[in-house]
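Participant: Chains as they are written, first to last, in this note's numbering: chain Z, 1 to 217; chain A, 1001 to 1217.
For glycine and all other residues, C-beta sits at the position ideal for the given N, C-alpha and C.
Treat the numbers as computed from the prediction; the structure is a model and nothing was measured.
One structure coming up, written as structure tokens, with questions to follow.
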């Protein structure tokens, strides 16, 4: 891996639409920092399992957490770690072509492969848990009660080092066949985005909306 | 499986938050019909792979499609099919508690396990391809040039019968510990939703915006 680009491997080199792929660290990190959840893939009894879960990135490390009793986190606690695939996807638009075949989706996605390992170092654990809170709402970890010993004992955090990772992006208009261009169908792009509504305070809340939520988008 | 509920199995029974799970057909179908993409998990060379892809539901069948040359679709073309896990997730809110530990996410997700099989029957293939176009934009398949023989030959469609499937939902406020309620932090829910922007016509488009896109939300 160079300073700016992750190394390509066979499984991070797509078989199709190779021009949509990138291994650039900055582009990959930007996508990882933009989604709320990842999809964590692992194997259980010889079959694939894909679960949605929150995550956070700290430098070249991805963190996922859960109960110490949960299946994937138990697997990652083993000495040899656990093979995983972590995928993050954002949908940006529906691309409606004149032919069914050329319909597409504008999207940004990251796929990371590797061996997940349980975090045991208390300092790394504290950094990861703060990052998991800050991932969706930057600044939040400084405005909460941090985990106590009992909560720490109930929480398992797993680390995946970003190494074998790539991004794929489609951000373009309609790509119809020349022969279809005059067909009398509507073609174009329907933008899709994720938005936040007005924060709804819990009945126990006695303080005003913090700055990090006022400017939140 | 009864008429209204999918049968529970060990892997569709969560180890935690069991009250958030459901096996009800109607609830599961509603979630499947609300997202644009699924995350398809399969195994390649002994390791899990998770790829985002569009999909469609027709009754109790999920369809995923891709190039005939793509890795997962080649796997599903084998006689014995391919073990997969298909997961669909919608994020509805960020739940900010007074403790870091009780932070959560409001979400709806479906996880389906099974053996994916390639669709070879031409009639089923045609239904599946229409459904894939209609999934994101209902009504669209009647307003496009449908696939020709060459396009059909280049497209592989894979079927996963919904059988071992469950949904999980969190749709609730903050659940803080009693002892934390008086802490001077803001607690509450930030709603999250997916919205469509104004459709942007391609330069080749000569017809007005169709009704199914005017009322699109």
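(1) With a threshold of 7 angstroms on Cβ separation, who are the neighbours of residue 95/Z within its own chain once the five nearest residues in sequence on each side are excluded?
(2) Note down, in chain order, all residues in the segment 1022-1041 of chain A with a beta-carbon under 7 angstroms from any beta-carbon belonging to chain Z.
(3) Could you have a look at residue 172/Z and say whether DSSP puts it in helix, strand or coil?
(4) Between which two residues does the alpha helix (DSSP H) holding residue 1136/A run?
(5) Tell me which residues of the segment 163-175 of chain Z have at least one Cβ-Cβ distance to chain A shorter than 7 angstroms, keeping chain order.
(6) Quick one: which chain Z residues come within Cβ less than 8 angstroms of residue 1207/A?
(7) Kindly identify the DSSP beta-bridge partner or partners of residue 1101/A.
(8) Taking a cut of 8 angstroms between CB atoms, which residues from the segment 1192-1204 of chain A lie near chain Z?
(9) With residue 281/Z as the anchor, note down where its alpha helix (DSSP H) starts and where it stops.
(10) Any C-beta of chain Z sitting closer than 8 angstroms to the C-beta of residue 1159/A?
(11) Between the segment 50-57 of chain Z and the segment 123-138 of chain Z, do three or more beta carbon pairs fall short of 8 angstroms?
(12) Restricting to Cα atoms, I'd like to know which of 1159/A, 1118/A and 1149/A is closest to residue 101/Z.
(13) Report the residue from 129/Z, 158/Z and 203/Z whose alpha carbon sits nearest the alpha carbon of residue 142/Z.
(14) Reducing DSSP to helix, strand and coil, say where residue 66/Z ends up.
(15) Can you tell me the Cα-Cα spacing of residue 1088/A and residue 1182/A, whole angstroms?
(16) Just checking my contact of residue 1187/A with residue 202/Z at CB under 8 angstroms: how many whole Å lie between their CB atoms?
(17) Out of 210/Z, 78/Z and 14/Z, which has the shortest C-alpha to C-alpha gap to residue 138/Z?
(18) Which residue from 7/Z, 28/Z, 11/Z and 10/Z puts its Cα closest to that of residue 168/Z?
(19) Residue 203/Z lies in the alpha helix (DSSP H); which residues open and close that run?
(20) What does the Cβ neighbour count give for residue 6/Z, buried or exposed, with the cut at 16 atoms within 10 Å?
(21) Using a Cβ-Cβ distance cut-off of 8 angstroms, determine whether residue 143/Z contacts chain A.
(22) Would you grab the beta carbon distance between residue 1111/A and residue 1193/A for me? Rounded to a whole angstrom, and I think it's under 8 angstroms.
(23) For residue 1036/A, does the count of other Cβ atoms within 10 angstroms reach 16, so buried, or fall short, so exposed?
(24) Keeping to the same chain, check which residues put their C-beta closer than 7 angstroms to that of residue 212/Z; ignore five residues upstream and five downstream.
(25) Answer yes or no: do residue 1081/A and residue 1116/A have a C-beta to C-beta separation smaller than 8 angstroms?
(26) If we ignore side chains and look at the alpha-carbon of each, how far apart do residue 1050/A and residue 124/Z end up?
(27) Starting from the C-beta of residue 127/Z, find all residues in its chain whose C-beta is less than 7 angstroms away, skip the five residues before and the five after it, and write them out in chain order.
(28) Is the CB of residue 1089/A under 8 angstroms away from at least one CB in chain Z?
(29) Helix, strand or coil, according to DSSP, for residue 1146/A in the structure here?
(30) With respect to the beta strand (DSSP E) encompassing residue 183/Z, which residues constitute its N-terminal and C-terminal limits?
(31) Could you run through the segment 130-154 of chain Z and flag, in chain order, every residue whose CB is less than 7 angstroms away from some CB of chain A?
(32) What does the alpha-carbon distance come out to for the pair residue 84/Z and residue 40/Z?
Facilitator: Here's the rundown:
(1) 103, 104, 105, 106, 174 and 189
(2) 1036, 1037, 1039 and 1041
(3) coil
(4) 1122-1136
(5) 173 and 174
(6) 184, 185 and 186
(7) Residue 1101/A is not bridged to any residue.
(8) 1192, 1193, 1194, 1195, 1196, 1197, 1198, 1199, 1200, 1201, 1202 and 1204
(9) In the structure as shown, chain Z starts at 1 and stops at 217, and residue 281/Z therefore has no counterpart that could be examined.
(10) no
(11) yes
(12) 1149/A
(13) 129/Z
(14) strand
(15) 37 angstroms
(16) 4 angstroms
(17) 210/Z
(18) 28/Z
(19) Here residue 203/Z belongs to no alpha helix (DSSP H), and DSSP marks it neither H nor E.
(20) buried
(21) yes
(22) 22 angstroms between Cβ atoms; not a contact.
(23) buried
(24) 137, 138, 139 and 140
(25) yes
(26) 27 angstroms
(27) 58
(28) yes
(29) coil
(30) Premise fails: residue 183/Z is in no beta strand (DSSP E) and is neither H nor E.
(31) 133, 136, 137, 140, 141, 143, 144, 145, 146, 147 and 151
(32) 7 angstroms
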